[in-house]
Structures are given as structure tokens and as C-alpha cells.
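Chemist: In this note's numbering, the protein residues as written are 2 to 275. A single structure is presented below for examination.
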């Protein structure tokens with residue numbers, strides 16, 4: 002599955018998103034004349050960012066492993082960004098109601114325009130303190146937890162809002178990180194509250210919030226991390242080169258899923274509410 006093809010009409014916002022996720026954003030230039038070509042590229046290949054695509058690949062692999070009898074009615078995206086996964090989720094669960102929460106008001110505004118209608122609702126709020134009389138069958142936390150200072154409070158609230166026998170899916174960063182290219186050694190994200198978690202500590206925190214671990218898998222091992230690092234290296238040098246190599250690097254990165262990845266940079270966790 003390729004993520005983001007349906008966003009091609011909003012390529013300007015996607016380019017800004019890509020800049021935010023790259024260590025080399027200051028060097029990235031998108032001349033106005035290039036925008037139609039970028040939109041066409043996104044329509045064919047999705048969002049040209051190896052990290053986004055690999056996280057999505059893991060998410061939908063985990064989601065497809067849930068019992069066929071599981072038919073969620075409500076989903077809470079606890080840090081929704083621009084709603085990257087909703088088209089794929091809708092394809093799997095056509096009748097699901099989606100609620101997204103994010104601290105970035107610009108992304109919430111985008112979601113409201115892109116996903117109109119009563120079945121999708123978005124709120125500019127802090128998930129850690131969010132309360133609702135509703136219960137959610139599926140709670141998502143994808144690339145969010147590393148941004149949260151008090152992560153236990155965040156997870157505890159996920160436990161309160163998740164329905165019994167509902168599922169929590171997490172993807173977040175781990176430490177220590179093992180880079181393959183020297184150019185990646187100083188990679189950091191300015192919005193991260195921490196660079197990652199110790200795996201065992203994160204598992205304990207999830208269990209403390211009232212969940213039982215169903216499955217966990219480290220990601221961004223050799224194939225995932227190296228593809229991501231090479232992509233960033235190309236992105237630093239030339240945007241056209243990165244665009245040419247992205248489809249190949251995307252395919253190579255997907256091999257990551259089929260290996261154990263003991264030194265993986267991130268982890269995907271699926272947990273069920275007790």
C-alpha cells in the first residue's frame with residue numbers, strides 16, 4: 002500500500018510536512034513552477050518520504066492481522082497530523098467513525114477540509130487531558146509518543162478512552178539508535194521531547210495503562226534505516242535525485258518488515274484493553 006496518493010491536490014501542504022520531517026529542510030527548495038509536477042508525482046507514488054511510507058506499511062500489516070470479527074465503530078487518532086492513514090482505514094472498515102486530535106491547529110484545519118462530513122471529526126486539543134463519554138474500539142498513536150513529555154499520562158488516558166477488548170496501536174522511536182551512514186549520525190527532530198524509549202520501559206508503560214501486549218516488532222532495521230538514510234542523503238544533495246530514487250528505496254525499505262531487526266530504530270506495538 003502506498004500512502005498519500007489522494008493528497009495530490011494539496012501538494013503544497015505535503016511539501017511543508019516533508020520539510021518538517023527532514024534534517025535538511027533549510028536546503029530544500031520548491032520553485033513554484035515545479036508544483037504541478039510534484040502533484041503529479043504524488044498522485045503516482047504517494048508522499049515521497051521513506052519514513053512515512055514504511056510506518057504506514059507496518060501499520061496496515063498490523064491492522065490486517067486483527068481478527069476478522071473485529072469491526073471497530075469508533076477510532077481515536079491521538080495525534081492525527083494530516084490524517085494520512087484514513088483512506089486505507091476506510092477501505093478496511095467503511096462504516097468506522099474517526100476522531101482525530103492534534104496540537105497543531107494548521108493540521109486540524111487541513112483535516113477538516115480534506116475529510117468533511119459527520120463520520121470524521123477533528124479537535125485542536127491535548128490528548129493527555131482529553132475526556133469524552135465515548136469509548137473507542139481502536140486508538141492510534143503513530144509517531145506521536147516521542148513528542149509527549151509525560152508519556153505515562155498520555156497512555157493512561159488512552160486506556161481510559163479505549164473500550165474493553167479494544168486495541169491500541171503505537172509506533173514510536175527507540176534508543177539507542179544505530180546509524181549506517183556517517184551523514185545520519187547527528188539526526189535529530191527539534192520537536193521531539195525525547196529521541197526514543199528503551200523498549201522494556203515502553204512495554205511496561207503500556208501495560209501499566211491497562212493493556213495487554215498482543216504483538217510488538219522493531220522496525221527501521223538494516224533495510225528500513227539504510228533506505229531512509231540514503232533517501233535523506235539524496236534529499237540533501239538534490240530534490241530531483243531523491244525523487245528519482247524514492248520508488249526504489251521505498252520498495253527496499255519494505256523488506257524491513259520481514260526481518261527481526263534487533264537494532265531497529267522504532268517499534269510497532271499492538272495491545273488490547275483488559
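Note that the Cβ used here is the ideal one computed from N, Cα and C, for glycine as well.
1) Rounded to whole angstroms, how far is the Cβ of residue 310 from the Cβ of residue 174, which I believe are closer than 8 Å?
2) Below 8 Å between beta carbons: does that hold for residue 254 and residue 228?
3) According to DSSP, is residue 219 part of a helix, a strand, or is it coil?
4) Just verifying my parser: in three-state terms, what is the DSSP assignment at residue 3?
5) Just checking my contact of residue 79 with residue 159 at CB under 8 Å: how many whole Å lie between their CB atoms?
6) Does DSSP put residue 113 in a helix, in a strand, or in coil?
7) For residue 40, which residues from the same chain have a beta carbon less than 6 Å from its beta carbon, with the 5 sequence-adjacent residues on both sides left out?
8) Let me know if residue 203 comes out buried or exposed under the rule of 16 or more other beta-carbons within 10 Å of its beta-carbon.
9) Tell me whether the stretch 53 to 72 and the stretch 115 to 126 touch, counting them as touching only if at least three CB pairs, one residue from each stretch, are closer than 8 Å.
10) Here's the rule I'm using: 16 or more other beta-carbon atoms within 10 Å means buried, otherwise exposed. How should residue 239 be labelled?
11) Nearest to residue 166 by CA position, among 215, 201, 195, 128, is which residue?
12) In whole angstroms, give me the CA-to-CA distance for residue 171 and residue 37.
13) Candidates 264, 247, 220: which alpha carbon is nearest residue 45's?
14) Kindly examine the ligand ZN and report whether one of its heavy atoms sits closer than 7 Å to the Cβ of residue 259.
15) So what's residue 194 in DSSP terms, helix, strand or just coil?
16) Specify the secondary structure class of residue 149 as computed by DSSP and reduced to three states.
17) Does DSSP classify residue 133 as helix, strand or coil?
18) Determine the DSSP secondary structure at residue 210, reduced to helix, strand or coil.
Modeler: Straight from the coordinates:
1) Since the first residue shown for the chain is 2 and the last is 275, residue 310 is missing from the structure and cannot be characterised.
2) Yes, these two residues count as a Cβ contact at 8 Å.
3) Here residue 219 sits in strand by DSSP.
4) Coil at residue 3, not helix or strand.
5) Yes, they are in contact, since the Cβ atoms of residue 79 and residue 159 sit about 6 Å apart, within 8 Å.
6) Assigned with DSSP and collapsed to three states, residue 113 falls in helix.
7) Closer than 6 Å at Cβ, skipping near neighbours: 9, 12.
8) Classification for residue 203: buried.
9) No, because fewer than three Cβ pairs between the stretch 53 to 72 and the stretch 115 to 126 fall closer than 8 Å, the two stretches do not touch.
10) So residue 239 ends up on the exposed side.
11) Minimum Cα distance to residue 166 is reached at 215.
12) Taking the straight line joining both Cα atoms gives about 35 Å.
13) Residue 247 is the option with its Cα nearest to residue 45.
14) Ligands in the displayed structure: none, and consequently the ligand ZN is not present.
15) The three-state secondary structure of residue 194, taken from DSSP, is coil.
16) Looking at residue 149 - three-state DSSP - the assignment turns out to be coil, as it is neither helix nor strand.
17) Assigned with DSSP and collapsed to three states, residue 133 falls in coil, not helix or strand.
18) In this structure, residue 210 counts as coil in the three-state DSSP scheme.
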